[in-house]
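A short worksheet on the structure shown next.
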Amino acid sequence: MIKEVTDQYNANEIEMKVHEFWEANNAYRAVREHRKGAKKFFFVDGPPYTTGHIHLGTAWNKIIKDSILRYMSMNDHDILDRAGWDMHGLPIEVKVEGALGFESKKDIEAYGVGNFIEKCKEFALRQKDDMTGQFRTLGAWLDWEDPYMTLKDEYIEAAWWTLKQAHEKDLLDTGKRVVNWCPRCETAIADAEVEYEDRDDPSIYIKFKLKDEENAFIVIWTTTPWTIPSNIAVAVHPEFEYARVKAFNTEGDSETLIMATELVENVLRIGRYADYEIIETMSGEDIAGLAYEHPLADLVPLQAEIEHKVYNADYVTAENTGCVHIAPGHGIDDFEVGVKNGLPIFCPVGSNGSYTDEAGKYTGMNIRDANRVVMDDLLEKGLLISEKTISHRYGHCWRCKTPIIYLATEQWFLKIGELKEAMLEEIKKVNWTPDWAGSARFKDWIEGARDWCISRQRYWGIPIPVWKCSKCAKIDVIGTREELVERSGADADIELHRPYVDKITMPCDCGGTMERVEDVFDVWFDSAVASWATLRFPHTKEQFDEWWPADFITEGHDQTRGWFYSQLGASMVAFGKAPYKNVLMHGFTLDGSGKKMSKSIGNVVQPAEVIEKFGADTLRAYVLASSAPWEDLKFNWDEIATIHRTNNILWNVYRFPLPYMALDKFDPQEVSYESVEAHLRSEDKWILSRMQSVIADVNKAMEERLLHKAMRAVNEFVLEDLSRWYIQLIRPRTWTEANDPDKLAVYRVLYDVFVTTAKVIAPFMPHLAEEMYQNLVRNVDENAPATIHLCDWPTVNEALVDTDLEAHMKAVRSMVESSSNARQKVGRKLRWPVSRIVVSPTDENTVAAVEQLRYVLMDQTNAKYIELIEIGESWNELGVEAAPNPGAIGPVFKGDAGKVNAAIASMDAMELKKGLADGEMEIPLADGTNVTITEKMVNFSETLPEAVASAEFAGGVVFVDANLTREIESEGYSREVIRRIQDMRKELDLDVDDSIKAHIQIDDEGVLDLVLDFENYIAKEVRANVLVIGLDVDTTGELAKDWNVEGISMHIAISKEE
RNA sequence: GGGCCCGUAGCUUAGCUAGGUGGAGCGUUCGGCUGAUAACCGAAAGGUCCUGAGUUCGAAUCUCAGCGGGCCCA
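First residue of the first sequence? That's 1 in full-length UniProt numbering, and the numbers climb one at a time after it.
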């Protein structure tokens, strides 16, 4: 039996109950099982990093995923949806280091790598569990019990196998490259792991002495003096104009300087030169090849053996001096200039950020400390033109915030550059939402694709499965555990992490011994293989053959160059095709003012905080409805509260008929739709038609992944159609006491609309939907599916669609609104009936609407009669007013204009109107003469009869006739009385079917007389068995109150009748 | 500095693809309703459609330049 429900929408209570219910019934599993064998839908969860806590962004991410998966499931898809966790990498290492009080790699080595990774693993697993709980409170259904974890063997094998493919396809490379390097963590870090922040650094101008010219120098600028010992060359732009300048200092001494012509003025001012003279200008191409002396050649002996020259490079910009210091060991562009011109890659800096013994004088010095020393040395040699400090954006390690440096080191690479064209072809086949995410943003990114450095010099990661012979340097890449065991004879259940795999050696064909290279994978490589790792490939191949590639993935826009890219790269290497078919790129959650949420600013809003206040369904509805998925979401508490209010209204709508249904023991199993069909009123057919339209709207939105449109369509239906209209229309029908078919029709229609609405909100607000379903469906039919999420998505029932009716109802609603407006103008409240409403339509739809829905219009406007006039005709009770138009009269009648004006003003307006219908007429003036006037000379306006007000609406005008009659006054006052008594019943907290005694004293004889006309009506409406109304009545009772009704004082007392 | 996206009422937004008098919700004020009632309805006030230029008879919409915000890159 359908039960009554609580007064208020109590989200937390509902959600807790629903979670317990899902748990107890294993609902998630049942739903996935139920769709086995249906059309496959392979979803790959972008693995969040196991930080231990979710934030609004990750919550939004999972909410989108969950909504789409639930929708797909209800639409009969067999869903594969293992949740994923990204568990390796530097962030966890740094956390564990912090917990153990470590400061450098030495501490880890001393503690023991085995112990260290054990801690990392424990830490990651614990954080994963915490986060799983948090995601579950959102109602997100993924396979939480069998998630993929990057630290698992099955996952590690997927990474290994992929690298082996790269090796076999000759896409794996090793060699010196310049990488972002964190001197504290002593490892290469990914571009994505570099965080840019403002930092103060030296800004120095230096001159390098030219070799073959006395007293002549080329001028460069840098913010990293510590890279000067590594300087190998100077780059100039081939097409810029450079100048040879004779510069004079304040003492009048001169020297020759070379720099870009347009920058001369600036540089010399900064260098405090007194005067200058441009000797000659030349192109950058001309000065290429100039040789210069390394400024610190005497302090860094190796530099003395290297030849230093000027080279051309296109990336040089016309800033500072236009001549760029090149240290191929310390910059990506520098490295490229070096490689292109066959220069030595000189990198005298070690992994911990201190100079190696190649650095001569600077050996052992930390590079940051060396800045000062280098500048002093340059100053002493007279080569430092200027020294200042600037604040600029500089890269920092995202974990430990140490300023990064660029180092040329030995690393492993995937030759992604070679796959660029194929990648660009592949992404065209992918369906992107929004379109530009793929066609513009991702495409641009891929066009700049470079080789991918996949190696890291750390501990907690997937070990790179490359074994190298110490004798012949041959390498072998191992693809699976099986292969490893086979080749090395290692234990079959060996732990695949460091340090255990490090100890494994294997024989080389040359007779030497192969040892694993020490590096681990970049964590981006971990998640890159997710789409096949989640299918346990290569461990088992069946699932892969059945499911891969992914039907759908969705992540934030930062993942364009992150996971969307890394997956594509890895997949191109492994399979030569894109690993996904549909991608939805979603936005970021920002704070209320559009700023990034960050701990340091303190503007972070926790999902748990929102859930505690409003519940998960409200959070879900909010993030889904508030903006297009790909747009950033400015978090706003007021908006959340508004959405919550919408949900509360849905709850109220749903709750409204339940007491009546319960009282009447309404059983939807007994009262079929067919049995009431003949008794449906227009509004019933209308709400059923609207319901179908909503299903169609949601379908269309979901097809295009426009979740905001889906959610908004539902909200609008609930608010506008159900709550503000349908429920208002049918309220009196639910109060009928007899078991008449008109009431049963309402019950049945409400029932169907509620059940359908529950299904339509199920993907978005799964808890509330479940709550409604359990009561409405499961309580009456124990054979119904156990949970709403097992149900099929509702299909549009074309037989119920009536677009004409929808248009008519829309017109009626606007007429009702306009009549409210008119009532307000004429000062007549809705409680008082009006004798009639006159509708002057401008279109057929309005006419049809009034004809079809006249009773709805009468009801809702509280009018005794609706008068409909013909299209285009004006209401014949309107008066006409005529006013002379001086602008037209003056020029024609000149001096007589005043008389003409007066004549027009004094004439009967109707007569004028008729006379001027033909364009002109003759009128008499006061002096007895006649003149001819034209229609332009008179302005006509319509006037309203007494106590009538009008208001326009889209399909015409309504006139509200508020003239009083005795009957209307009687009814008006009676309803005032009824209202007061109902209010008092409420105050006494009486049940709807309790009877009362009521005593009413009215201090105005006239009004008393009016009210007495409706005595019986009043008694019936307020359920009074005893009703005494008079001038002098004893008004004592359980509750007695004095009222002022339109200036008349009344005293009312009521008591419950036992 | 570059790429992509966003900028419309105090707040959240629709309209922009396809140029033709800018719509809604929240909030505010006033009024109304009343057995969904701590709910609900109507009206009013509130707009340099980020700025500037251009195209056009006509620009929130198209183009260009700038400003502010986001993501990414340098």
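Think of the CB as a built atom: it goes at the ideal place given N, C-alpha and C, for glycine as much as any other residue.
No experiment lies behind these values; they were computed from the predicted model shown.
So, under 8 Å CB-CB, residue i and residue j are touching, yes? Tell me the CB distance rounded to an integer number of Å.
i	j	result
TRP445	PHE413	Actually they do not touch by this definition, with Cβ atoms about 18 Å apart.
LEU383	LYS207	5 Å
GLU942	GLY879	7 Å
LEU800	GLN692	5 Å
THR402	PRO91	Actually they are not in contact, since the Cβ atoms of THR402 and PRO91 sit about 14 Å apart, beyond 8 Å.
ASN715	THR646	5 Å
ALA291	GLU307	7 Å
TRP524	ALA190	6 Å
VAL18	HIS767	4 Å
LYS743	ARG733	5 Å
LEU568	MET375	Wrong, their Cβ atoms sit about 46 Å apart, outside the cutoff.
ILE869	MET858	Not really, about 16 Å apart at Cβ, beyond 8 Å.
VAL245	GLY322	Contact flag wrong, Cβ pair sits at about 12 Å.
TYR973	VAL1022	Not confirmed; about 14 Å, so no contact.
TRP630	ALA318	The pair is not a contact, with the Cβ atoms about 37 Å apart (cut-off 8 Å).
In the DSSP assignment, what are the bridge partners of residue i?
i	result
ARG712	Answer is none; ARG712 lacks a bridge partner.
TYR292	LEU210 and HIS308
GLN1001	GLY1030 and HIS1051
HIS392	ARG199
residue 1081	With the chain represented from 1 up to 1058, any question about residue 1081 goes unanswered, as that position is not in the structure.
LEU680	Bridge partners of LEU680: none, in fact.
VAL485	Answer is none; VAL485 lacks a bridge partner.
MET921	ILE933
ARG244	ILE258 and GLU280
VAL847	None; VAL847 has no bridge partner.
Between which residues of its own chain and residue i is the CB-CB distance below 7 Å, once the five residues before and five after are set aside?
i	result
ILE63	LEU138, ALA140, ARG620, VAL623 and LEU624
LEU853	SER682, HIS808, MET809 and VAL812
THR589	LEU56, GLY57, TRP60, MET597, LEU633 and PHE635
SER386	ILE204, TYR205, ILE270 and GLY271
ASP667	VAL780
If you run the structure through DSSP and keep just helix, strand and coil, what is residue i?
i	result
LYS864	coil
SER995	coil
GLY928	coil
ASP286	helix
ALA883	strand
ARG516	strand
TYR406	strand
LEU750	helix
ALA326	The residue you asked about is not Ala; residue 326 is Ile in the sequence shown. Three-state DSSP puts ILE326 in a strand.
ALA233	strand
ARG450	coil
Ignore the nearest five residues each way along the sequence and tell me which others in residue i's own chain have a CB closer than 8 Å to its CB.
i	result
GLU285	PRO238, GLU239 and ASN312
GLU546	LYS40
VAL194	ASN180, GLY395, HIS396, CYS397, TRP398 and ILE404
GLN728	GLN860
Between which residues of its own chain and residue i is the CB-CB distance below 6 Å, once the five residues before and five after are set aside?
i	result
HIS330	THR227, SER230 and TYR406
PRO47	GLY84, TRP85, ASP86 and SER527
VAL749	ASP684
residue 1082	Examination of residue 1082 is not possible in this model, given that the chain is present from 1 through 1058 alone.
GLU935	LEU916 and GLY919
GLU976	VAL1045
GLN1001	VAL1033, THR1035 and HIS1051
VAL604	MET597
TRP637	none
Can you list the alpha helix (DSSP H) stretches of 4 or more residues lying completely in the segment 559-642, in chain order? Under the rule that a run must span 4 or more residues, the alpha helix (DSSP H) segments found entirely inside the segment 559-642 read 563-575, 607-614 and 616-626.
Quick one: which unbroken beta strand (DSSP E) runs of 3-plus residues sit fully inside the segment 81-155? Chain order, please. Unbroken beta strand (DSSP E) runs of no fewer than 3 residues, entirely contained in the segment 81-155, are found at 82-85 and 143-149, following chain order.
Just list the alpha helix (DSSP H) runs in the segment 945-999, keeping only unbroken ones of 4 residues or longer that don't cross its boundaries, in chain order. Qualifying alpha helix (DSSP H) stretches, in chain order: 966-987.
Contained alpha helix (DSSP H) runs [length at least 4] in the segment 334-403, N- to C-terminal order: The qualifying runs are 367-380.
Within the segment 22-69, note down every full beta strand (DSSP E) run reaching 3 residues or more, in order along the chain. The segment 22-69 is shown to contain whole beta strand (DSSP E) runs of 3 or more residues at 39-42, in chain order.
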